[in-house]
Amino acid sequence: QAGRLLAVPFDIGKLKITGEAKAVLDQVVTQKNTGAAQFDVSSQGNLAWIQGESVGNDVRLVRVTRQGVATPIFKTDTARRFPRISPDGRNLLVQAISWGVSGTWLVSVDGKEQRHLTSMGTVAAWFPNGRQYTCVGKVGEKMTMLEDSVDGSSPRREIVPANWAFLG
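Every letter in the sequence shown is one number past the one before it in the numbering used here, and letter 73, counting from 1, is 73.
And the structure:
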């Protein structure tokens, strides 16, 4: 809500909200055209988000300690979107948009490793094994879904044929 991430108590069995919404953090990047917030939560409860106001503004991917100390992770000046925490909590898949570095990046949460995986990728997701990911990519004027390994140990392959038109 306006860059503020809220949490609300929820009864999963009854599918009902059971209390008042409370602010968890501020300055979460949102997309101007859709309002989508740029964050992810791991199965262990770790939260990753991109700090800023809205896509198109200066945004930073940061790591925050439990004491509230924020440290920038991504060292290049690019717009970043869609952070996805790896199943083991050690890495992120991040989408970067900039001259020469656009696409899907693998970034360690300590910031020591930053590797460009593909320039084709848009939104990415981890496989449960943490060694592979999938992303949507453009092939010519068609979109496809790709599967790839983060370490290059297996060849990239299309898992959905490039048969739907790119409208963006």
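From the three backbone atoms N, C-alpha and C, an ideal C-beta is built for every residue, glycine too.
For clarity, every value in this text was computed on a predicted model and none was experimentally measured.
Buried or exposed by the 16-neighbour rule on C-beta atoms within 10 Å, applied to residue i
| i | result |
| --- | --- |
| L15 | exposed |
| A36 | exposed |
| A21 | exposed |
| V29 | buried |
| N57 | Confidence at N57 is low in this model, with a pLDDT of 43, below 50, so the placement of that residue should be treated as unreliable; the coordinate-derived value is given next. It is exposed - the Cβ of N57 has fewer than 16 other Cβ atoms within 10 Å. |
Per-residue DSSP class, three states only, for residue i
| i | result |
| --- | --- |
| V24 | strand |
| G52 | coil |
| Q176 | Any answer about residue 176 is impossible in this case: the structure gives the chain only from 1 up to 168. |
| L167 | Bear in mind that the predicted position of L167 carries a pLDDT of just 45, short of 50, making it unreliable; the figure below should be weighed with that in mind. Coil. |
| P87 | coil |
| N57 | Low per-residue confidence applies at N57: pLDDT is 43, beneath 50, and the placement is therefore not dependable, though the value from the model is reported in the following sentence. In this structure, N57 counts as strand in the three-state DSSP scheme. |
| E141 | coil |
N-terminal and C-terminal residue of the beta strand (DSSP E) that residue i is part of
| i | result |
| --- | --- |
| F39 | F39 to V41 |
| T104 | G103 to S108 |
| S154 | From DSSP, S154 is part of no beta strand (DSSP E); its letter is neither H nor E. |
| T118 | Q114 to T118 |
Given residue i as reference, the closest of the options once Cα atoms are compared
| i | options | result |
| --- | --- | --- |
| L117 | N129, T104, D110 and V160 | T104 |
| S108 | G3, R63 and G68 | R63 |
Check your understanding: Are there three or more Cβ pairs, one per stretch, closer than 8 Å when the segment 125 to 133 is compared with the segment 79 to 88?
Key -> yes
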